[in-house]
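Worksheet: the structure to be examined is printed underneath.
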Amino acid sequence: MLAELTPEIVIQMQRAATLLQAAPRICVLTGAGVSAESGIPTFRDKQTGLWEQYRAEDLASPAAFARDPKLVWSWYQWRRQLVHDKMPNPAHQALAEWQKNAESSKRQLTLITQNVDDLHEQAGSTVTHLHGYLWRNRCSQCDASYNYESTNHESTHLNSSKDAIEFDDELIACPHCEGYIRPDIVWFGESLPASAWQTAEQAAADCDVFISVGTSSLVYPATGLAQLAKQNGATIIEINPNPTLNTVVDIILAAKAGVVMPLLLEQIKLL
Ligand code: NAD
Ligand code: ZN
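Residue numbering for the sequence shown follows my numbering, beginning at 3 and increasing consecutively.
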């Protein structure tokens, strides 16, 4: 796989591995790019099929849902169908293995994601979700969690599993207040869940090395995490085949996450 990388990236990767091997606290922030090689389109990719005419930014907002709830719900049901059989790729797997190794050597590797898929969990990672979960639903009016199982089978168990999701695009009314059910995702213009944000801020402020993987760094406040880490003395590494304009970055690994992450882990293990 090394052959896929330019000599410059190999040199930068060795630099990164040396730093990471010696770092007691690492914070990793992932974005849509980490799931791209699993076949999940990023937000910047042009949408396909029925949704070609829409931009994701025009569907993923509270205003869009208020204007046309059926349209937004149908789009998410379509996205769920697109994502439900996708599997973790070598980047998710390397991160999970690295996290386990770190734990057993009493180091800290905090994984934060902007993704709403569950591929990090499927790979075996412990991860903090800044933008919510594709497989969970809640009421747009009273905020109550909603799952198909609890309404159909009178169970109180909170089911966040995709196995119980039906991809029907009919709107669902909340059993408590008749409001429409929506995905439990943080939309453009909404605030991040407080406890997830606190975990992310603390991990970024306390880390020795901060790694940003597959994120366009356009969406605040997540972008501010790299800046926070930098202000507190951390080295910043970016993994992205299309490097961003983020000026705080010290080491750029300009290649696909699914290629770089496993190699980086191998290098760290060799040191
Ligand atoms: P983004 O779509 O804005 O940017 C994706 C970035 O990944 C780009 O910079 C691109 O160059 C890079 N990239 C593409 N392929 C890559 C690869 N193989 N390896 C490494 N990098 C690669 O995504 P974002 O920065 O995460 O922010 C946009 C928002 O989109 C997020 O809030 C997120 O919630 C949402 N989103 C999530 C998913 C998901 O859950 N999988 C998918 C699409 C969008
Ligand atoms: Zn309700």
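Heads up, the beta-carbon is just placed ideally off N, CA and C, and yes, glycines get one too.
Quickly, what does DSSP pair R27 with across the bridge? List them, please. Stepping through the sequence shown from its first residue, residue 27 is reached at position 25. Its beta-bridge partners are Q110.
Regarding F212 and the ligand NAD, is the C-beta to nearest heavy atom distance less than 8 Å? Along the sequence shown, one-based indexing puts residue 212 at 210. Outside the cutoff, so no.
Go to S214, then tell me how far its beta strand (DSSP E) extends in each direction, as first and last residue. Translated into the one-based positions of the sequence shown, residue 214 becomes position 212. In the DSSP assignment, S214 falls within the beta strand (DSSP E) that extends over V211 to V215.
Just the C-alpha distance for D252 and Q143, rounded to the nearest angstrom, thanks. On the sequence shown, residue 252 is found 250 positions in, with the first residue counted as 1. On the sequence shown, residue 143 is found 141 positions in, with the first residue counted as 1. Cα to Cα, D252 sits roughly 44 Å from Q143.
Between I213 and I254, how many whole angstroms is the CB-CB distance? I'm expecting something under 8 Å. Position 211 of the sequence shown, counted from the start, is the residue given in the question as residue 213. Position 252 of the sequence shown, counted from the start, is the residue given in the question as residue 254. The Cβ separation is near 11 Å, so there is no contact.
Can you list, in chain order, the residues of its chain with a C-beta nearer than 7 Å to that of W100? Leave out the 5 residues immediately preceding and following it. The count along the sequence shown starts at 1 and reaches residue 100 at position 98. L111 and L267, listed in sequence order.
Count the other CB atoms, across all protein chains shown, that sit within 10 Å of the CB of D119; report buried if there are 16 or more and exposed otherwise. Taking the first residue of the sequence shown as 1, we reach residue 119 at position 117. So D119 ends up on the buried side.
Output the boundary residues of the beta strand (DSSP E) element that contains R81. What you label residue 81 is simply residue 79 of the sequence shown in a count that begins at 1. R81 -> not in any beta strand (DSSP E); alpha helix (DSSP H) instead, spanning P71 to V85.
Does the beta-carbon of Q233 have 16 or more other beta-carbons within 10 angstroms, so that it is buried, or is it exposed? Stepping through the sequence shown from its first residue, residue 233 is reached at position 231. Around the Cβ of Q233, a 10 Å sphere holds fewer than 16 other Cβ atoms; the residue is exposed.
Counting only the same chain and skipping the five closest in sequence on each side, list residues whose C-beta sits under 8 Å from that of H178. Translated into the one-based positions of the sequence shown, residue 178 becomes position 176. Excluding residues within five positions, the ones whose Cβ falls inside 8 Å are C141, C144 and A146.
Tell whether a beta-carbon distance below 9 Å holds between S218 and T50. Here residue 218 refers to the residue found at position 216 when the sequence shown is read from its first residue. Here residue 50 refers to the residue found at position 48 when the sequence shown is read from its first residue. For S218 and T50, no; Cβs fall outside 9 Å.
Chain-ordered list of residues that sit, by beta carbon, closer than 6 Å to a heavy atom of the ligand ZN: The filter returns C141, Q143, C144, A146, C176, H178, C179 and G181, in chain order.
Cα-Cα separation between D70 and S63, rounded to whole angstroms: The count along the sequence shown starts at 1 and reaches residue 70 at position 68. The count along the sequence shown starts at 1 and reaches residue 63 at position 61. Distance from the CA atom of D70 to the CA atom of S63, rounded to whole angstroms, is 11 Å.
Does the Cβ of T32 have 16 or more other Cβ atoms within 10 Å, making it buried, or fewer, making it exposed? In the sequence shown, residue 32 corresponds to position 30, counting from 1. Classification of T32: buried, given that the 10 Å Cβ count is 16 or more.
Could you have a look at P2 and say whether DSSP puts it in helix, strand or coil? This structure cannot settle anything about residue 2, because the visible part of the chain is limited to 3 through 273.
Hey, how far is the Cα of K72 from the Cα of L173? Sequence index remark: in the sequence shown, residue 72 carries index 70 (1-based). Sequence index remark: in the sequence shown, residue 173 carries index 171 (1-based). So the alpha carbons of these two residues sit roughly 6 Å apart.
Using the Cα positions of E156 and R184, report the straight-line distance between them to the nearest angstrom. By 1-based counting over the sequence shown, the position of residue 156 is 154. By 1-based counting over the sequence shown, the position of residue 184 is 182. Annotation note: pLDDT 38 at E156 (below 50); position unreliable, no value reported.
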